[in-house]
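Asker: Residue numbers (mature numbering (1 follows the signal peptide of the UniProt record, and there is no 0)): -22 to -1, 1 to 401.
1) Taking only the alpha-carbon atoms, compute the straight-line gap between residue 326 and residue 294 and give it to the nearest angstrom.
2) Grab the span of the alpha helix (DSSP H) containing residue 31 for me, first residue to last.
3) Counting pairs of Cβ atoms below 8 Å between the region 105 to 119 and the region 56 to 66, do you hit three or more?
4) Roughly how many whole angstroms lie between the Cα atoms of residue 242 and residue 375?
5) Are the region 224 to 243 and the region 197 to 211 in contact at 8 Å, needing three or more beta carbon pairs?
6) Which class does residue 376 belong to by DSSP, given the choice of helix, strand or coil?
7) Could you name each continuous beta strand (DSSP E) segment of 3 residues or more that falls completely within the region 64 to 88, going from the start of the chain to the end?
8) So what does residue 149 bridge to, in DSSP terms?
9) Relative to the C-alpha of residue 123, which residue among 154, 280, 100 is closest?
10) Within 10 Å of its beta-carbon, does residue 42 have 16 or more other beta-carbons around it, so buried, or fewer, so exposed?
11) Tell me the DSSP secondary structure of residue 169 in three-state form.
12) Could you please give the first and the last residue of the uninterrupted alpha helix (DSSP H) stretch that includes residue 11?
13) Relative to the alpha-carbon of residue 136, which residue among 86, 189, 201 has its alpha-carbon at the smallest distance?
14) Could you work out which residue in 201, 146, 165, 139 is closest to residue 192 when comparing CA atoms only?
15) Per DSSP, what kind of secondary structure is residue 54 in: helix, strand or coil?
16) So the candidates are 133, 109, 334, 98; which of them puts its Cα closest to the Cα of residue 127?
17) Pick helix, strand or coil for residue 232, following the three-state DSSP scheme.
18) Assuming residue 19 and residue 244 are in contact, meaning their beta carbons sit under 8 Å apart, how far apart are those beta carbons, in whole angstroms?
19) In whole angstroms, what is the alpha-carbon distance linking residue 51 and residue 196?
20) Any contact of the region 272 to 286 with the region 303 to 322, i.e. 3+ C-beta pairs under 8 Å?
21) Could you say which of 401, 367, 363 lies nearest to residue 53 if we only look at CA atoms?
22) Return the chain-ordered list of same chain residues with a C-beta closer than 6 Å to the C-beta of residue 339, the five sequence neighbours on each side being excluded.
23) Start and end of the alpha helix (DSSP H) containing residue 280?
24) Below 6 Å CB to CB, which residues in the same chain sit around residue 69 once its five sequence neighbours on both sides are set aside?
25) Where does residue 266 fall in DSSP's three states?
26) Give me, in chain order, the residues of the same chain whose beta-carbon lies closer than 6 Å to that of residue 401; leave out the 5 immediate sequence neighbours on both sides.
27) Excluding the five sequence neighbours on either side, which residues of its own chain have a C-beta within less than 7 Å of the C-beta of residue 391, listed in chain order?
28) Can the beta-carbon of residue 152 be found closer than 7 Å to that of residue 162?
29) How long is the line joining the alpha carbons of residue 273 and residue 178, rounded to whole angstroms?
30) So which of 134, 227, 264 has the shortest CA-CA distance to residue 38?
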């Protein structure tokens, strides 16, 4: 009976992220200028104030005050096929609503050596919303998580070739999860039991970077995004459970979880006045998400006996690497054209993948352009197409949770836009 709740009450922080262009729970869409090259060269090319996120040291490359802001819109498609389950239901696959990701930055030179920056962006976030009749609803139905980060930043120019930067991050996380238990007809009950968890927290981390002009034409960058430890507090709500169990009600809930650190390194090389090449790699320590445990307070004695006091789910994620290459062509003083290609490994495996995390290894192709009609203004746009390998789901039967087996094939279109103003 304990296993009734194990996957049912895992907080929404483990939701699928098939609608974003970074794998796991991460979001890449913090810059439209970077999106055009599939984020190759993100830590080595300070194109605008979005370097606050890409590499804090890059602020030293910006000679004027500037503000930069925009958003990305992602339209995902999920194909579910070869489904098998004792439960009846539908498998429409349209569980990812149209999503937008905003961002905004400020950069200010303080003197020749010191620069200040401020960024507001979304490093993690996702929503998945299956239809109510989803055949796998007993494994997961609705999930949402959102992290908003504010990052004040300072950079220091050590000499003409080396700069460093640092910024603390202030992070706000909100999460929600719902799903069903197959209890219809049990002990006289009618319909499924409904489970709902909500939680939030605020925590602090940091980003640090170094930028080196190896030659006049080649720049190397390294950025470290720290882990962030959260203790989400909220409630677990149980409705329509069989009344003899005495579980209907709302319980205070707490979950300790860590969003992983990552290291981004890249090289930018200027071939000539027209062509610039980019290459980069990112390592993410997803193995921090080995398991999650939700602690509920005020649970009645029967619920305690059923293991409802502390609910544990094994995730067993693994560390990942992603790689990207890109190029930019300066068509004329006003227009620059960009393209890029990236591969990004999934943190989960065929053995442990579930309906909340149906991600596979992915490939991403990007196109972009920047238009500078005047020295004060640049407008960047970008388009990306994402395609994942087929991702099998094999979740076995547990108490009040019929087994669910299926194959997912995820793809997505992304469009980004950004305006930079210098003053």
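The C-beta atom is built at its ideal place from N, Cα and C for all residues, glycine as well. Given the structure is predicted, the values throughout are model-derived calculations rather than measurements.
Answerer: Looking at the coordinates:
1) 7 Å
2) 29 to 32
3) yes
4) 40 Å
5) yes
6) strand
7) 77 to 87
8) 127, 181
9) 154
10) exposed
11) coil
12) 10 to 13
13) 189
14) 139
15) strand
16) 98
17) strand
18) 5 Å
19) 32 Å
20) no
21) 363
22) 323, 324, 367
23) 279 to 283
24) 58, 61, 113
25) helix
26) 43
27) 53, 363
28) no
29) 14 Å
30) 134
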